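Right, one structure below, let's go through it.
2 protein chains.
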Amino acid sequence: MLLIQIVPKSTIGLFLVNVNLKLVWHFFQVDISVYKKWLPLCKQTIIAMNRVVLIGAGNLATSLAYALKIHGCSVVQVYSRTMKSAKALADKVDAKAIDSFGNIVTDASYYFVALPDDAILQVAEKLPKLNGIVAHTSGSTPMSVLNRVQAPGFGVFYPFQTFSREKVIPFNNIPICLEASDEETYTKLELLAQKISDIVEPMNSEQRRWLHLTGVFACNFTNHMLSLAYSITAMHNIDFNIVKPLVLETISKAFEGNPADYQTGPAIRYDSVTLRRHAEMLKEFGLDELYNQLSLSIQKLAQNRKL
Amino acid sequence: MLLIQIVPKSTIGLFLVNVNLKLVWHFFQVDISVYKKWLPLCKQTIIAMNRVVLIGAGNLATSLAYALKIHGCSVVQVYSRTMKSAKALADKVDAKAIDSFGNIVTDASYYFVALPDDAILQVAEKLPKLNGIVAHTSGSTPMSVLNRVQAPGFGVFYPFQTFSREKVIPFNNIPICLEASDEETYTKLELLAQKISDIVEPMNSEQRRWLHLTGVFACNFTNHMLSLAYSITAMHNIDFNIVKPLVLETISKAFEGNPADYQTGPAIRYDSVTLRRHAEMLKEFGLDELYNQLSLSIQKLAQNRKL
């Protein structure tokens, strides 16, 4: 009870409301009477804090819904343009499916807009007045598209990962990049993010659009390189498993610093005989030009790094 | 002694010579007199079997030398054009450094030519008459470049992995692709390969050159994609660690089957707004054309798979 006396009441209130009752009790050894005094406010806030509405029922929304559910949040509604897809997800997390914003509850604490980029603005304009934070989950859409939502705050909650409906992945290890209209909203988004992930970072709209582009190289193009590798082995009766240790070693080395330091292969060696031979082999699949461009890009990057 | 009487003598001889004396004794409970009868042949063969000469002292030669040493083989000599680089590797594995083929021992069992592709043929023509198998370690060079070596047999011993001198990696998990001039040579190469790796596969020159090209996509181009991702994050003050979970998930999903089944991103979604925006962002780095070509290639592959 020593600490409680030197900490301003408002701070305890903030803790009680925003963090976790048990934690407060643990740190401050709060007298039960203090605890009881704040109880009605706490209860109300904590219940509301855990109430989430998902607008969208796609790949990201699915993994997010599971993560929220697992970490003790309640997904109260799932909206989708069609009742069928709203219901497909809602049923899995004991939520209510809706296909009209007329039916949206207004007392949830978080409304996540997990929709294709071009749909976010449209939806933002259709949303009724809400009592919770509205956040979109897009990497390439600026926060400002939510400027006109009628809500106590808005922001961006961008999980940097590739999602597919078939494989729901745990959120613990997924970096969540946050941006918010104001500090209080940021704190609230952070609290929820920290519930489901160990990696939560602030990131403004400008950084985020570059991070999104980074993801295209790191994930989409990398996957395409592996797809082409797969095609080649399949066509020549080679078991793709033989390629896996090479890929794993490539990634493991690349993660040690700047991947460019670990570049190997004919391009970086300027082995023109092999480069020509490979391009020749790829002609029949129309992949020779891409091969040449990629090889050239490897050499250009190496040149630029020397300068 | 029961078994030994029904197994043809020649089979025991083969075991004694090619496999392992202890193993033979263990399985057949061979009378010590039988063992003694074969002893001179065994000793000679076993000593020779473990004696390897490395021609080349580069990245692959270095990892191979360590693997051989760890698994009880003796690297007797390391050849390189310069004494300095020969010595750098030889000293690490208690071998003798040589820089002239005049000094090469002729009684080793294996001579591995681990040199750049265009050097293999030249070296093959300079080698003296040898009593052991000569094998090159190149993915893109046909076995036939060794046609004229004076040796009991020749072949290819191709470890499918990316090597760097700074990071010596264990061979256990590296697939070794083998080809040989004849069955006996194949068996001998296989015996050595199985000593150092759990994945040993026969592969002819034609398959091997396609596998080598596969490696360029799976390793060199993949690493380049990560290098470009790294550059973008570095330029925008984003910690590259944030990208790692995405890459790991991409690889993990890609390994579940055909990576093309798990393609995500703006290209496969035909999201032309994002594609244009990304290309625009990349213009200042001269990466817009590469971005467009890669996106197009993703769409082409998807189209071809539908046909």
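Protein chains in written order, with full-length UniProt numbering: chain S, 1 to 307; chain H, 1 to 307. Beta carbons are placed, not taken as given, at the ideal position from N, Cα and C, and that holds for glycine. Values in this document were obtained by computation on a predicted structure and should not be read as measured data.
Buried versus exposed, by CB contacts within 10 Å (16 or more), residue i
| i | result |
| --- | --- |
| Glu-280 of chain H | exposed |
| Arg-305 of chain H | exposed |
| Lys-22 of chain S | Low confidence applies here, because Lys-22 of chain S scores a pLDDT of 49, under 50, leaving its location unreliable and the question unanswered by this model. |
| Ser-181 of chain S | buried |
| Leu-275 of chain H | buried |
| Gly-286 of chain S | exposed |
| Glu-201 of chain S | buried |
| residue 319 of chain H | Residue numbering for chain H in the displayed model covers 1 to 307; residue 319 of chain H lies beyond these limits and cannot be assessed. |
| Glu-284 of chain S | exposed |
| Glu-190 of chain S | buried |
| Asp-118 of chain S | exposed |
| Leu-246 of chain S | buried |
| Pro-266 of chain H | buried |
| Gly-153 of chain S | buried |
| Tyr-291 of chain H | buried |
| His-26 of chain S | Because the pLDDT of His-26 of chain S is 49, which lies under 50, any placement of that residue in the model is unreliable, and the number read from its coordinates should be weighed accordingly. Flag for His-26 of chain S reads exposed. |
| Phe-157 of chain H | buried |
Neighbourhood of residue i by C-beta distance below 8 Å, restricted to the same chain and skipping five residues each side
| i | result |
| --- | --- |
| Arg-209 of chain H | Gly-139, Ser-140 and Pro-142 |
| Ala-302 of chain H | Ala-260, Gln-263 and Ile-268 |
| Thr-82 of chain H | Asp-99 |
| Val-145 of chain H | Ile-120, Leu-121, Ala-124 and His-136 |
| Val-273 of chain H | none |
For residue i, the three-state DSSP class (helix, strand or coil)
| i | result |
| --- | --- |
| Phe-157 of chain H | strand |
| Leu-23 of chain S | Note that Leu-23 of chain S has pLDDT 49, beneath the 50 cutoff, so the model's placement of it is unreliable and no number is given. |
| Ile-6 of chain H | Note on Ile-6 of chain H: pLDDT 45, under 50, position unreliable in the model; the coordinate value appears next. In the structure shown, Ile-6 of chain H sits in a helix (DSSP, three-state: H, G or I). |
| Leu-189 of chain S | helix |
| Ala-114 of chain S | coil |
| Arg-209 of chain H | helix |
| Pro-245 of chain H | helix |
| Ser-144 of chain S | helix |
| Arg-165 of chain H | coil |
| Val-76 of chain H | strand |
| His-278 of chain S | helix |
| His-136 of chain H | strand |
| Pro-202 of chain S | strand |
| Arg-305 of chain S | helix |
| Ile-98 of chain H | strand |
| Glu-125 of chain S | helix |
| Ala-180 of chain H | strand |
| Val-53 of chain S | strand |
| Ile-120 of chain S | helix |
| Ile-196 of chain H | helix |
| Gly-215 of chain H | helix |
| Tyr-291 of chain H | helix |
| Asp-271 of chain H | coil |
| His-236 of chain S | coil |
Same chain, Cβ closer than 7 Å to residue i, five either side skipped, listed in chain order
| i | result |
| --- | --- |
| Val-75 of chain S | Val-52, Leu-54, Ala-65, Leu-68, Lys-69, Val-93 and Ala-95 |
| Val-123 of chain H | Ile-55, Val-113 and Leu-115 |
| Asp-198 of chain H | Asn-172 and Asn-173 |
| Leu-296 of chain H | none |
| Lys-126 of chain H | Phe-101 |
Own chain residues within Cβ distance below 6 Å of residue i, not counting five before or after
| i | result |
| --- | --- |
| Cys-73 of chain S | Asn-50 and Val-52 |
| Asn-223 of chain S | none |
| Arg-165 of chain H | Asn-59 and Thr-62 |
| Arg-277 of chain S | none |
| Ser-205 of chain S | Pro-142 and Met-143 |
| Asn-131 of chain S | Thr-106 and Asp-107 |
| Val-78 of chain S | Leu-54, Ala-57, Ala-86, Leu-89, Ala-90, Ala-95 and Ala-97 |
| Gln-194 of chain H | Val-200 |
| Asp-288 of chain H | Ala-279 and Leu-282 |
| Thr-187 of chain H | none |
Residue closest to residue i, alpha-carbon to alpha-carbon, out of the options
| i | options | result |
| --- | --- | --- |
| Asn-147 of chain H | H:Ile-174, H:Pro-170 and H:Glu-179 | H:Glu-179 |
| Asp-271 of chain S | S:Pro-245, S:Ala-254 and S:Ile-298 | S:Ile-298 |
| Ile-174 of chain S | H:Ala-114, H:Phe-255, H:Leu-248 and H:Ala-86 | H:Leu-248 |
| Asp-99 of chain S | S:Gly-56, S:Pro-266, S:Phe-285 and S:Ile-176 | S:Gly-56 |
| Thr-233 of chain H | S:Tyr-230, S:Gln-207, S:Cys-219 and S:Lys-244 | S:Gln-207 |
| Val-243 of chain S | H:His-212, H:Gln-194, H:Ile-120 and H:Glu-190 | H:His-212 |
| Val-168 of chain S | S:Leu-307, S:Thr-106, S:Leu-89 and S:Gly-257 | S:Leu-89 |
| Lys-253 of chain H | S:Val-156, S:Thr-162, S:Lys-126 and S:Phe-157 | S:Thr-162 |
| Leu-196 of chain H | H:Thr-187, H:Ile-176 and H:Glu-183 | Going by the sequence as given, residue 196 of chain H is Ile instead of Leu. Of the listed residues, the one whose Cα sits closest to Ile-196 of chain H is H:Ile-176. |
| Pro-170 of chain S | S:Ile-251, S:Asn-258, S:His-71 and S:Ser-80 | S:His-71 |
Expected contact under 8 Å - CB spacing of residue i and residue j to nearest Å
| i | j | result |
| --- | --- | --- |
| Thr-185 of chain S | Ile-133 of chain S | 5 Å |
| Gly-215 of chain H | Phe-160 of chain H | 7 Å |
| Tyr-230 of chain S | Phe-240 of chain S | 6 Å |
| Leu-294 of chain H | Phe-221 of chain S | 5 Å |
| Met-225 of chain H | Met-225 of chain S | 6 Å |
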